[in-house]
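Participant:
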Amino acid sequence: MSTPAPSPTPPGQAPPDRVTQATLLLLSALTVMSGATIAPALPAMQAHFADTPNAALLVKLALTILGIVIAVTAPLFGVLADRYGRRPVLLAALALYVIGGGSGLIAQSLGQVLLGRVVLGLAVAGTMTAAGALVNDLFSGAARGRFLSQQAAFTSFGGAVLLPLGGVLAAVGWRAPFFLYLAAALLLPLLLRLPRGIPGVAPDLTGPVQAPRWGAVTLVYALALGYMVVFYLMPAQGPFLLRALDASPGLTGLMLGSSTLMAAVTSLVFSRFAGRFDPRRLAGLGMVVVALGWLLVFRAPGLAVVEAGLLVAGLGGGLIFPNLYAWLADLTPPAWRGRVTAGMSSAVFLGQFLSPLLLAAPAGHEAQGFAAGAALAAGMGALLLVLSVRGRRAPDAPSGAVPQRG
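So the sequence shown is numbered by my numbering: it starts at 2 and just counts up by one.
1) State the DSSP-derived secondary structure class of F278, mapped to helix, strand or coil.
2) With H, G and I counted as helix, E and B as strand and the rest as coil, what does DSSP make of P334?
3) Go through its chain and collect everything with a Cβ distance to K61's Cβ below 8 Å, but skip five positions before and after it.
4) Given this structure, state the Cα-to-Cα distance separating G160 from I69, to the nearest angstrom.
5) If we ignore side chains and look at the alpha-carbon of each, how far apart do A264 and H366 end up?
6) What residue range is occupied by the uninterrupted alpha helix (DSSP H) comprising I100?
7) Is it true that the CB of A82 sits closer than 8 Å to the CB of G124?
8) If you draw a straight line from the alpha carbon of A154 to that of V266, how long is it in whole angstroms?
9) Would you kindly report the start and end of the unbroken alpha helix (DSSP H) that includes D138?
10) With a 10 Å radius around its C-beta and 16 neighbouring C-beta atoms as the bar for buried, classify N137 as buried or exposed.
11) Measuring straight from C-alpha to C-alpha, what distance separates Y326 and L149?
12) When we look at the beta-carbon of W175 and count the other beta-carbons within 10 Å, is it buried (16 or more) or exposed?
13) From A56 to F140, what does the alpha carbon distance come to, in whole angstroms?
14) Give every residue of the same chain whose Cβ lies closer than 8 Å to the Cβ of S259, excluding the five residues on either side of it in the sequence, and list them in chain order.
15) Considering only C-alpha positions, which residue in the set G112, A48, L26, L121 is nearest to A96?
16) How about L192 and R84: are their beta carbons less than 8 Å apart?
17) First and last residue of the alpha helix (DSSP H) that includes P250?
18) If the criterion is Cβ atoms closer than 8 Å, does the pair L234 and L286 meet it?
19) Pop quiz: M34 and S346 are said to be a contact at Cβ under 8 Å. What is the actual Cβ separation, rounded to whole angstroms?
20) Using the Cα positions of A186 and A45, report the straight-line distance between them to the nearest angstrom.
21) Kindly give me the distance between the Cβ atoms of Y1 and A348, rounded to whole angstroms, as I take these residues to be in contact under 8 Å.
22) Using alpha carbons as the reference points, say which of V390, L188, M256 lies closest to T24.
23) V390 to L297, Cα distance in whole Å?
24) How many Å lie between F354 and V289 at the Cα?
25) Three-state secondary structure (DSSP) at H366?
26) Should the segment 373 to 387 be called in touch with the segment 224 to 234, which here means at least 3 C-beta pairs below 8 Å?
27) With burial defined as no fewer than 16 other Cβ atoms inside 10 Å of the residue's Cβ, what is the status of G380: buried or exposed?
28) Quick test of your reading: V413 and V341, contact by CB under 8 Å. State the CB separation rounded to the nearest angstrom.
29) Which first and last residues belong to the alpha helix (DSSP H) in which F232 is found?
30) Using beta-carbon positions only, say whether G112 and G227 come within less than 8 Å of one another.
31) Of all the CB atoms in chain D, is at least one closer than 8 Å to the CB of V390?
32) Count the other C-beta atoms from every protein chain shown that fall within 10 angstroms of the C-beta of D247, then say buried if there are 16 or more, exposed otherwise.
33) Helix, strand or coil: which one does DSSP assign to G303?
34) Can the beta-carbon of L59 be found closer than 8 Å to that of L115?
35) Any idea what DSSP makes of G174, helix, strand or coil?
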């Protein structure tokens, strides 16, 4: 179902300059880098700490513990970003990112690795929430839809680069990928020139404050959580499946990166059509295509079919987050931007944390989780398609949200 053209940017609100837009894109890359960087190194990390009790589970938690930290702390960062401004929160989060991310270079135990990942989770929670609120401040209408899709594409391109790079570094040693987190410090000069507060928003202090449509917002949160459970099969379970099929760490990174590259291409193409179609329908279509991809991975007899499944899943995945966030933006009044964005961050990364727990596969049967993931994605896709047929899209609201991946 086509939708009315989104409202234009409010009068008096100039679009952000290219440097500001580039900074927001780079900040989105920090989110995907938090997980993608070390994903190919998980088997080597598990071998290094083989004598540690429950090493197999703890190594997977090193990837996904960020999710529970973000789920718990993102609302706090949403309040801080609304009270003290976006830039101070982003600067503090950047410092935590470098410290927590780089700590793996000196960690002597899995416990120390996990502690560093907790600090990194705090950093990502602050970055995602403050950057997401800043995107809401600076974009609206059709411009918002285009930027959301471009940001999703940039995030996926980041994964397409970082996963193979992480694989190359993992071949050197399991610690080597942690060097990449130190590069985040290069963003400091760009963050210093970002707006501090909430430009272009003049709150009405005389009338009642409109509340979000909480029923629909909660549904978006649930769908985002469910999709992350499905999506995170790739970085959390994929390396172990590929190792069982005799893929090297470098090839593992390339194959996982190809899926995110395909998602980037899809998001980039979709950005040209943002705002023309019901976001629920496109997100539902993306879910169904992801289900087909994971079904291919589950049934794959070898690496070639696994690669085909990863590409198909990436094709669908590029449609999901831009459209879920566009739908959420329609439901969010300006006064609630920070809190609703924080809630979405919590839902997304709670799904990331739960993925290896809900879709765990026993050793020797690494593909089983992808069968369950395909079923879950198909169910969510069917729900979204039904909603797009039965209901009309809500009127466009002058707000937005930022697309986020682990």
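The beta-carbon is built from N, C-alpha and C at its ideal position, and this holds for glycine as well.
Facilitator: Once the coordinates are examined:
1) strand
2) coil
3) L43, A237, P357
4) 21 Å
5) 27 Å
6) 87 to 103
7) Contrary to the premise, residue 124 reads as Ala rather than Gly in this sequence. Their beta carbons are not under 8 Å apart, which means A124 does not touch A82 by this criterion.
8) 7 Å
9) 111 to 139
10) buried
11) 8 Å
12) buried
13) 45 Å
14) A161, E308, L311, L312, G315
15) L121
16) no
17) 250 to 271
18) no
19) The pair is not a contact, with the Cβ atoms about 16 Å apart (cut-off 8 Å).
20) 27 Å
21) It is not possible to answer for residue 1, since the shown part of the chain is limited to 2 through 407.
22) L188
23) 28 Å
24) 23 Å
25) coil
26) yes
27) exposed
28) Residue 413 is absent from the model: the chain starts at 2 and stops at 407.
29) 215 to 232
30) no
31) The chain inventory of the structure shown lacks chain D, comprising one protein chain alone.
32) exposed
33) coil
34) yes
35) coil
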